[in-house]
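Undergrad: Residue numbers (the working numbering), protein chains in the order written: chain A, 1 to 364; chain B, 1 to 285.
From the three backbone atoms N, C-alpha and C, an ideal C-beta is built for every residue, glycine too.
This structure is a prediction, so every number in the text was calculated from the model and none was measured.
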């Protein structure tokens, strides 16, 4: 049986003023899936989340949860859990009472509440913390309480509003892993709002990239990274080199583009209708540039470009190179710190090898 | 510079006001305490010798009633201030800065008007031929007698003391993140449940300070009950005034004063002791 649609957002629009508005935004979230809304601050991702939770009223559009329209319901009657960015734990209640908050409102028996709270605290790995107050917990622990508090009510979907942004880097990575494992284990349909592309890539089944209140692209992490639909998505996800060029030849074997400085590059044939204009941006990921010694020969289907190393940034595991092309363009390349890389120095001439398949053309 | 020795900075910061209090409050107060222990004489300020008669007198029915009425009016005034002030404090705490500034200005305004002028305004409104009764007469209804009654005193006291309730409550509510309200709704609480389980307990310290302020100000009020109340149904401060300036019974006035101060202090400490655990959760142990 294919998974059913759990959440359906249709033409969601929120107008704050004639100048400031979000949407229309439409997307679907399948049952059990981890769906991320990714974008820079002010792109409308939090507004979308708050509309689903019922804290903002839609100007237009509809929200359906499990086939039932919910955008007219008050927030407390929606079966939607929300984990706040600052956790929003009740400071006057213990961990137990925080988690039991929603259960008590549902008038469950004492024994059942104790049982369910105990189980959920086990799930989020907070044993023996039930009697503490939020102020006595670390950021990561507060985070888990916030998740437990929503999870214990078994909502249809669980939503996260930038939940890791208040944690330090190491804890962020650890919590990211835990969140992923937890979601995979429980199979809870989740919507995750973040501006951090790594979080979105690591956690999600599908990502919607937002910019200026619109969805730029929806896809799996690999689709979004490998085949960005726009220059914005390409620049926002991962680091990228963008060259300006125009298509001079389209053929069976591929497309040939020429940059402003006369550099000709062979690209794989693009998909039907992907690039409409002749003027294009050429996207090249830094890790897809192979840096070789001068004179290294290209294999068929590879582009060979001469360059000179302008600068080397040493990152231990990786090296970041700034490379000047003959025409004056500058490319960034990210290479593994290998034996071959040991001899490199600024002002050295190198040969860049780039697969035709690693060049992406985007309409301009 | 001598780094090793810490300067008593606290002495410089608190010293001037401490000195002010010492000279202008504690010394006169000690003086009153001494007066209250001397016997009364109709011809002298007081007679030599020590006696507890002035305090024993407070347990006469007249004085017990006087204190009872004072405490009762204080309680009513405080209750009305809570009912009127809490919603206002919530609105102010959650209002946009511009509305908040405007609201605070309007709230404080009664305090900028002299008590006599404000009360004169109330007399115009509540008097036998005042606006209220004119309006009732226009509707062919019986006139009411509000002025020179306990009702008038409560109205007058509430009028000045509402800000003392609103300000601490507002400050407490402002410290509660609106996210907590949203979290409560998200967990299934309607507005009333959210208020009772989140806003009310978290604003309780502010509500307690507001009640203590209004109550202690109300039970020591003088001008408002003197000008708006029933002259035969007085409050403690009026009685003290009369004993000083009308019957020249300074020891009696002194013992009443001290009793009022001790009562207020006892209520304050009692309330603070009973609620000493609220607000503790914010500290990391």
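Is the Cβ of residue 75/A closer than 7 Å to any Cβ of chain B?
TA: Position 75 of the first chain holds residue 75/A. Residue 75/A counts as touching chain B.
Undergrad: Which whole-angstrom value describes the C-beta separation of residue 261/A and residue 364/A, a residue pair presumed to lie in contact below a C-beta threshold of 8 Å?
TA: Along the first chain, read from residue 1 onward, the residue named residue 261/A stands at position 261. Along the first chain, read from residue 1 onward, the residue named residue 364/A stands at position 364. Actually they do not touch by this definition, with Cβ atoms about 17 Å apart.
Undergrad: Candidates 14/B, 185/B, 60/B and 241/B: which alpha carbon is nearest residue 150/A's?
TA: Locating residue 150/A in the first chain gives position 150, counting from the first residue. Checked all of 14/B, 185/B, 60/B and 241/B; the closest Cα to residue 150/A is 185/B.
Undergrad: Pick from 224/B, 96/B, 107/B and 219/B: whose alpha carbon is nearest that of residue 88/B?
TA: By one-based count along the second chain, residue 88/B stands at place 88. Cα-wise, what sits closest to residue 88/B is 107/B.
Undergrad: With distance defined between alpha-carbon atoms, name the residue in 195/B, 259/B and 247/B nearest to residue 90/B.
TA: Here residue 90/B refers to the residue found at position 90 of the second chain. The shortest Cα separation from residue 90/B among 195/B, 259/B and 247/B belongs to 195/B.
Undergrad: Between the region 95-115 of chain A and chain B, which residues of the former have a C-beta closer than 7 Å to a C-beta of the latter?
TA: 101, 102, 105 and 106
Undergrad: Starting from the C-beta of residue 358/A, find all residues in its chain whose C-beta is less than 6 Å away, skip the five residues before and the five after it, and write them out in chain order.
TA: For this step, residue 358/A is matched to residue 358 along the first chain. Result list for residue 358/A: 288, in chain order.
Undergrad: Kindly list, in the order they appear in chain A, the residues whose Cβ is closer than 9 Å to that of residue 201/B.
TA: Along the second chain, one-based indexing puts residue 201/B at 201. Neighbours of residue 201/B in chain A, taken as residues whose beta carbon is under 9 Å from its own, are 90, 92 and 93 in chain order.
Undergrad: Which of the residues in the region 163-192 of chain B, read from start to end, lie with their CB under 8 Å from any CB of chain A?
TA: 177, 179, 180, 182, 183, 184, 185, 186, 187, 188, 189 and 190
Undergrad: To be precise: take each residue of the region 136-156 of chain A, compare its Cβ to all Cβ atoms of chain B, and keep it if any distance is under 8 Å. Which residues remain?
TA: Correct list: 136, 149, 150 and 153.
Undergrad: What residue range does the alpha helix (DSSP H) around residue 150/B cover?
TA: Position 150 of the second chain, counted from the first residue, corresponds to residue 150/B. Element bounds for residue 150/B: 150-174.
Undergrad: Interface residues of chain A around residue 198/B at Cβ under 7 Å?
TA: For this step, residue 198/B is matched to residue 198 along the second chain. Those are 90, listed as they occur along chain A.
Undergrad: Which residue marks the beginning of the beta strand (DSSP E) containing residue 323/A, and which one marks its end?
TA: Position 323 of the first chain holds residue 323/A. That run of the beta strand (DSSP E) goes 318-325.
Undergrad: Residue 282/B by DSSP, collapsed to three states: which one?
TA: Here residue 282/B corresponds to residue number 282 of the second chain, with the count starting at 1. For residue 282/B, the predicted model reports a pLDDT of 49, less than 50, meaning its position is unreliable and no value from the coordinates is stated.
Undergrad: Just to make sure I have the definition right: I need the residues of chain B whose C-beta is within less than 7 Å of the C-beta of residue 82/A. Which are they?
TA: One-based indexing of the first chain puts residue 82/A at position 82. Within 7 Å Cβ-Cβ: 186.
Undergrad: Ends of the alpha helix (DSSP H) at residue 209/B?
TA: Translated into the one-based positions of the second chain, residue 209/B becomes position 209. Residues 200-219.
Undergrad: Within 10 angstroms of the Cβ of residue 64/B, are there 16 or more other Cβ atoms? Answer buried if so, exposed if not.
TA: Taking the first residue of the second chain as 1, we reach residue 64/B at position 64. Classification of residue 64/B: exposed, given that the 10 Å Cβ count is below 16.
Undergrad: Let's test the definition: count the other Cβ atoms within 10 Å of the Cβ of residue 215/A and tell me whether it reaches 16, buried, or not, exposed.
TA: Numbered from its first residue, the first chain carries residue 215/A at position 215. Residue 215/A comes out buried.
Undergrad: Just to check my reading of the structure: residue 48/A and residue 22/A have Cβ atoms closer than 8 Å, yes? What is that Cβ distance to the nearest angstrom?
TA: On the first chain, residue 48/A is found 48 positions in, with the first residue counted as 1. On the first chain, residue 22/A is found 22 positions in, with the first residue counted as 1. Indeed, because the Cβ distance is near 7 Å, the residues count as touching under 8 Å.
Undergrad: By how many angstroms is the C-alpha of residue 207/B removed from the C-alpha of residue 86/B?
TA: The residue given as residue 86/B occupies position 86 in the second chain. The residue given as residue 207/B occupies position 207 in the second chain. So the two alpha carbons sit approximately 8 Å from each other.
Undergrad: In three-state terms, what does DSSP make of residue 201/A?
TA: Stepping through the first chain from its first residue, residue 201/A is reached at position 201. The answer is helix: DSSP assigns residue 201/A an H, G or I state.
Undergrad: My guess is that residue 372/A and residue 171/A are in contact by the Cβ rule of under 8 Å, so how many angstroms apart are they, rounded?
TA: There is no way to answer for residue 372/A, as the model of chain A reaches only from 1 to 364.
Undergrad: Looking only at DSSP bridge pairs, what is residue 76/A linked to?
TA: Sequence index remark: in the first chain, residue 76/A carries index 76 (1-based). BP columns for residue 76/A are empty, so no partner.
Undergrad: Between the beta-carbon of residue 14/A and the beta-carbon of residue 68/A, is there less than 7 Å?
TA: Counted from its first residue, the first chain places residue 14/A at position 14. Counted from its first residue, the first chain places residue 68/A at position 68. Their beta carbons are not under 7 Å apart, which means residue 14/A does not touch residue 68/A by this criterion.
Undergrad: Less than 6 Å separating the Cβ of residue 208/A from some heavy atom of the ligand COA?
TA: Within the structure as shown, the ligand COA is missing, as the structure has no ligands at all.
Undergrad: Within the continuous alpha helix (DSSP H) that includes residue 255/B, where are the two ends?
TA: Position 255 of the second chain holds residue 255/B. Start and end: 250-274.
Undergrad: Residue 95/A to residue 73/A, Cα distance in whole Å?
TA: As a working mapping, residue 95/A is identified with position 95 in the first chain. As a working mapping, residue 73/A is identified with position 73 in the first chain. Distance between the alpha carbons of residue 95/A and residue 73/A is about 29 Å.
Undergrad: Considering only residues of the region 152-221 of chain A, which uninterrupted alpha helix (DSSP H) runs meet the minimum length of 4 residues and lie entirely inside it, listed in chain order?
TA: 169-186 and 197-203
Undergrad: Determine the closest residue to residue 341/A out of 181/A, 319/A, 323/A and 329/A, with distance taken between C-alpha atoms.
TA: The residue given as residue 341/A occupies position 341 in the first chain. Per the Cα distances, 319/A.
Undergrad: In chain order, what residues of the same chain have a beta carbon less than 8 Å from the beta carbon of residue 98/B, not counting five sequence neighbours either side?
TA: The count along the second chain starts at 1 and reaches residue 98/B at position 98. For residue 98/B, where only same-chain residues beyond five positions count, there are no Cβ hits under 8 Å.
Undergrad: Please state if the CB of residue 29/A and the CB of residue 99/A are separated by a distance shorter than 7 Å.
TA: For this step, residue 99/A is matched to residue 99 along the first chain. For this step, residue 29/A is matched to residue 29 along the first chain. No. Outside cutoff.
Undergrad: DSSP three-state call for residue 150/A: helix, strand or coil?
TA: As a first step, residue 150/A must be located in the first chain, where it is residue number 150. It is helical.
Undergrad: How many angstroms separate the CA atom of residue 223/B from the CA atom of residue 201/B?
TA: Position 223 of the second chain, counted from the first residue, corresponds to residue 223/B. Position 201 of the second chain, counted from the first residue, corresponds to residue 201/B. C-alpha separation (whole angstroms): 35 Å.
Undergrad: At a cut of 8 Å, does the region 242-256 of chain A reach the region 336-351 of chain A through at least three beta carbon pairs?
TA: no
Undergrad: What does a CB cutoff of less than 8 Å around residue 12/B pick up in its chain, not counting 5 residues either side in sequence?
TA: The residue labelled residue 12/B in the question sits at position 12 within the second chain. Contacts found: none.
Undergrad: Using only the alpha-carbon positions, how far apart do residue 176/A and residue 190/A sit?
TA: For the purposes of this step, residue 176/A is taken as residue 176 along the first chain, with counting starting at 1. For the purposes of this step, residue 190/A is taken as residue 190 along the first chain, with counting starting at 1. Taking the straight line joining both Cα atoms gives about 14 Å.
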